[in-house]
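Data block below; observations after.
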Amino acid sequence: MKDMRDFIALCEKEGLLKRIGAEVDWNLELSTIAKLNEEKSGPALLFENVKGYDTPVITSALTTTERLSLIMGMPIKSTLVDLMRKWVEKGEKKIPPRWVDQAPCKENIITGDAIDLYKFPVPKFYPMDGGRFFGTAHFIISKDPDTGWVNLGTYRSQLLDKNHMGVQFIKGKHADLMLKKYAARKEAMPVASIVGCDPLLFLVGAARLSAFESEYDFAGAVRGEGIEVIKGETVDLPIPAHAEIVVEGEVDPNAFMDEGPFGEYTGYYSGVGTDPRNFIKVNCITHRNNPIFWGTTVGKAVTDTHMTMALTYGATLWQQLVAMRIPGLKAVYCPPEGSGRFLAIISIKQMYPGHADQVLTAAISTEMGAYGLKTVIVVDEDIDPWDIPRVMYALSFRFQPNRSQVIKRGRSTPLDPSLPINAREITGRLLLDATIPYEWKEKPIPITLDPDVVKQVQSRWAEFGL
Ligand SMILES: Cc1cc2nc3c(=O)[nH]c(=O)nc-3n(C[C@H](O)[C@H](O)[C@H](O)COP(=O)(O)O)c2cc1C
Ligand SMILES: [Mn+2]
């Protein structure tokens with residue numbers, strides 16, 4: 037899969053995409069249809085007739101595990117955990133991007149006064165949002181001025197006027213780290229915002245890969261070949277050759293415009309209103325002929341974004357636990373209902389006393405878990421962490437509060453609505469041990485059926501009229 041068009045074709049072949057020919061307004065109507073559709077785990081939607089525009093808009097691309105499987109090149113009936121496991125395994129062998137000289141993303145090049153972001157059918161998602169959001173299912177490419185490390189990160193981008201887009205680089209995110217370096221050099225940071233591409237690139241942009249690691253190399257690893265890139269027109273950055281729309285520009289570290297609010301994936305607004313934020317001054321737009329715009333709804337779980345994060349954040353946590361060389365890890369699951377980040381369930385084969393405790397404290401010490409993860413549950417290997425009824429069983433019959441811990445302080449996300457709206461830097465954490473202690477000499481005695489009697493009863497099953 038090279039681009040959005042391949043993805044659309046594949047979805048259509050599998051009956052997982054619906055084209056909408058009826059006229060739909062970019063102003064709240066399109067997002068409302070997408071949101072209601074996603075709440076029912078509906079198909080990907082291709083809006084072909086957006087009021088006042090020729091450009092179609094795709095939404096709900098990632099709402100189901102089936103479509104995530106297509107993107108990951110996995111059998112369509114895979115589970116989220118299957119996809120996470122593949123992510124962890126494939127990610128080991130990084131493949132750098134491959135440079136090309138010609139690319140479809142250069143079919144149209146717009147500079148100077150002709151630049152106009154309103155040329156695209158940018159949706160307004162929720163009534164209380166501060167405006168139209170150009171960048172939802174997009175990512176921003178930036179480069180470390182010291183080391184040349186190229187980062188892809190999804191940071192929402194609000195359309196502010198025809199050549200300015202707000203950006204929200206939360207403190208400590210990779211684009212924020214890079215922007216601080218440009219600030220020290222008294223330079224603006226060159227960036228490119230990409231809308232519409234191989235959906236895997238968006239997934240890696242939304243994943244919490246470690247610092248100094250390029251999301252491009254990771255995407256190449258999953259694809260098994262380097263992602264094709266071409267140099268930007270006005271920025272020295274690798275641009276996905278098959279991107280639909282590329283917005284090139286620069287971020288002045290010391291300039292701010294009013295941005296937000298935006299309905300977040302927690303189902304709430306993250307602040308109390310508009311905030312001054314950095315922005316992109318757009319210097320060039322390139323796009324394919326007949327480009328396709330891509331948007332994603334956030335808001336109340338479970339939607340597109342939650343499924344994205346359950347995969348990408350969950351897989352990142354798993355990867356980072358593997359990197360810590362913790363033995364006995366069976367599976368990691370971060371439910372989409374918790375947007376893949378607030379709650380994690382980990383199953384292990386216990387190998388020594390204190391193993392479960394080690395896993396619990398390790399999870400909140402990973403880069404992923406140290407930021408926002410609030411509740412970690414560890415279960416034995418016979419419990420699949422995605423099998424919530426079995427997790428409830430373990431929490432009822434194996435869990436013991438005296439073997440669990442409350443951690444008073446840890447790094448939080450400003451998005452967590454369980455904290456006061458103006459004090460979201462620090463969170464508590466809860467570590468729940470729902471395993472049978474390894475060191476117990478006498479373990480609870482499980483009740484089993486006699487296998488011979490089971491066989492005998494099964495052979496007579498029809499006789500009982502059941
Ligand atoms: C739809 C969507 C919107 C997001 N918006 C933001 C945002 O505005 N700011 C932010 O810092 N992270 C945002 N994130 C989370 C980041 O994409 C994620 O933390 C990613 O790891 C950032 O890239 P980085 O690790 O290279 O910094 C968003 C994620 C998604 C899926
Ligand atoms: Mn990164």
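Going by this note's numbering, 315 is the number at position 279 of the sequence shown; the sequence numbering is gapless.
Think of the CB as a built atom: it goes at the ideal place given N, C-alpha and C, for glycine as much as any other residue.
Quick one: what's got a C-beta closer than 6 Å to residue i's C-beta in the same chain, skipping five residues either side?
i      : result
Ser96  : Ala70, Asn73, Glu74, Ala80, Leu81 and Asp340
Ile177 : Leu188, Ala228 and Leu273
Leu431 : Ala470
Ala367 : Val117, Ser383 and Pro421
Leu396 : Val412, Val414 and Leu467
Under three-state DSSP, which class holds residue i?
i      : result
Phe169 : strand
Ala45  : helix
Asn290 : coil
Thr522 : As displayed, the chain neither begins before 37 nor continues past 502, which places residue 522 out of reach and without an answer.
Gly309 : coil
Pro487 : helix
Pro235 : helix
Asp469 : strand
Val283 : strand
Ala242 : coil
Ala367 : strand
Thr332 : coil
Val27  : Look at the range of the chain in this structure, 37 to 502, and you will see that residue 27 is not part of it.
Phe298 : coil
Gly350 : helix
Val258 : helix
Ser250 : coil
Thr344 : helix
Glu264 : strand
Do you know whose CA, among the options, lies nearest residue i's CA?
i      : options                           : result
Arg121 : Thr91, Leu357 and Tyr154          : Leu357
Ile481 : Leu451, Arg434 and Ala398         : Arg434
Ile131 : Glu261, Ile44 and Thr190          : Glu261
Ile400 : Thr183, Arg377 and Lys385         : Arg377
Ala211 : Trp135, Phe254, Ile316 and Asn199 : Ile316
Ile206 : Leu237, Ile44, Tyr407 and Gln436  : Tyr407
Thr332 : Ile263, Lys410, Ala45 and Val158  : Val158
Thr302 : Met343, His278, Lys267 and Glu295 : Met343
Gly337 : Ile321, Tyr304 and Gln355         : This sequence places Ala at residue 337; Gly is not what is there. Here the closest residue by C-alpha is Tyr304.
Glu403 : Lys209, Ile145 and Phe175         : Lys209
For residue i, I'd like the list of residues in its chain whose CB is within less than 8 Å of its CB, leaving aside the five on either flank, ordered along the chain.
i      : result
Glu128 : Ala257
Gln394 : Ile362
Val60  : Leu66, Ile69, Phe83, Asn85, Val86 and Lys87
Glu102 : Glu50, Leu52, Ile112 and Lys113
Phe254 : Gly127, Lys130, Val240, Ala243 and Leu245
Glu280 : Asp39, Met40, Cys141, Val231, Gly232, Cys233, His323, Arg324, Pro327, Ile328, Phe329 and Trp330
Ala58  : Asn85
Ala380 : Gly350, Leu353, Val368, Tyr369, Cys370, Ala399, Gly405, Leu409, Thr411, Val412 and Ile413
Phe292 : Pro312, Arg313, Asn314 and Phe315
Gly167 : Lys160, Gln194, Leu195 and Leu196
Less than 7 Å between C-beta atoms, sequence neighbours within five positions excluded: which residues of the same chain meet that for residue i?
i      : result
Tyr218 : Pro181, Ala224, Met225 and Pro289
Glu300 : Ser306, Val334 and Leu451
Ser77  : Thr99 and Thr100
Ala398 : Leu357, Met360 and Ile362
Leu64  : Lys160 and Pro163
Is the Cβ of residue i closer than 7 Å to any Cβ of chain D?
i      : result
Leu104 : Considering every chain present, this structure includes no chain D. It has just one protein chain.
Say whether the stretch 313-333 touches the stretch 346-363, bearing in mind that this needs 3 or more beta-carbon pairs closer than 8 Å, one atom from each stretch.
no
What ranges does the beta strand (DSSP E) occupy inside the stretch 183-227, keeping only unbroken runs of at least 3 residues that lie completely in it?
Entirely contained in the stretch 183-227, the beta strand (DSSP E) runs reaching 3 residues are, in chain order, 186-189, 193-197 and 200-203.
Answer yes if the stretch 134-150 comes into contact with the stretch 362-371, meaning at least three C-beta pairs across the two stretches below 8 Å, and no otherwise.
no
Segment contact flag, the stretch 301-313 with the stretch 45-58, C-beta cutoff 8 Å, min 3 pairs
no
Secondary structure, alpha helix (DSSP H): runs of 4+ residues fully inside the stretch 93-178:
101-108 and 116-126
How do the stretch 84-96 and the stretch 110-124 stand: do at least 3 beta-carbon pairs fall below 8 Å, yes or no?
Flag = no, the stretch 84-96 and the stretch 110-124 do not touch.
Could you tell me whether the stretch 453-464 touches the stretch 417-426, where touching means 3 or more Cβ pairs closer than 8 Å?
Proximity of the stretch 453-464 to the stretch 417-426 falls short of the contact definition, fewer than three beta-carbon pairs being nearer than 8 Å.
Whole beta strand (DSSP E) runs in the stretch 372-458 with 3 or more residues, listed along the chain?
379-384, 411-416 and 441-447
The stretch 380-397 contacting the stretch 474-490, beta-carbon criterion three pairs below 8 Å
yes
Fully enclosed by the stretch 51-94, which beta strand (DSSP E) runs are 3 residues long or longer?
Qualifying beta strand (DSSP E) stretches, in chain order: 53-56 and 80-83.
If contact is defined by three or more beta carbon pairs under 8 Å, each pair taking one atom from either stretch, is the stretch 192-200 in contact with the stretch 144-162?
yes
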